[in-house]
Each structure stands twice: as C-alpha cells, then as structure tokens.
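**Student:** Residues -6 to 93 (the numbering used here) make up the sequence shown, in order. One structure coming up, written as structure tokens, with questions to follow.
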Amino acid sequence: MKRTKRIELRVSEEELGLIKNNARMCGNTVGRFVRERSMMLVEPRPAISENEKQLLRELSAIGNNLNQIALKLNRGEHTVMADIENNQLGLSAVIEKLLR
C-alpha cells in the first residue's frame, strides 16, 4: 500500500527518546513502530537477539533428534543410549545458557 499522507506529532525530547528506543528494541523503524502501535496492529515485543536465535536453533535440533529416537523406538528398533545422553547434555547446555 502506498502511503501518501503525513501526520505531524509534537513530543518532548524524553518522549522521542523513549519512542526511538522502543522502536529499536522491537526491530522497527520509528514510523513503523508508531503506525502499528497507533492502529493496534501488533503488540510490541523485543526483537530476538542473535544469541537467542542460536539457542532456538539448538533447541530445534534437539527436538528433531528426540523425534528420530522416538520414531526408532516406536518401530521397535534399538537406539543407542549415547544418542539419548547426547540430547540430554545438549538440552542441559541450552538451559544453562538461558539461565545466564
């Protein structure tokens, strides 16, 4: 959608700083942040850090591994106990990182 209309708004230095900071924390521009909030399109939430993205990837990999182990067990196949232990260690490491 092409945006052709402009709205001017007066704010204090403190308010402007707060708006800019909130927009940055949400990973948005000031314009997008103000537009979305004023129209209640989305609830603001902080952007995910690179560290958090890495932890999510690790959790995803652990979940995939657990699904593979469960699939083998449900088929009656034997699984190596080391696979289960590795997943447990990986999950413990992720939890430790989250608690830091």
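Every residue, glycine too, gets a C-beta built ideally from N, C-alpha and C. Please read all numbers here as calculations on a predicted model, not as lab measurements.
Tell me the residue span of the alpha helix (DSSP H) that contains residue 90.
**Tutor:** Where residue 90 is concerned, the enclosing alpha helix (DSSP H) stretches over 74 to 92.
**Student:** Measuring only between beta-carbons, confirm whether residue 4 sits less than 8 Å from chain C.
**Tutor:** Among the chains in the structure shown there is no chain C, since it carries only a single protein chain.
**Student:** Could you name the residues of the same chain whose beta carbon sits closer than 8 Å to that of residue 80, not counting the 5 residues immediately before and after it, in chain order?
**Tutor:** 55, 58, 59 and 62, listed in sequence order.
**Student:** Does the beta-carbon distance from residue 43 to residue 83 come in below 8 Å?
**Tutor:** For residue 43 and residue 83, no; Cβs fall outside 8 Å.
**Student:** Can you look up residue 41 in the DSSP assignment and give me helix, strand or coil?
**Tutor:** Residue 41 falls in the coil class under three-state DSSP.
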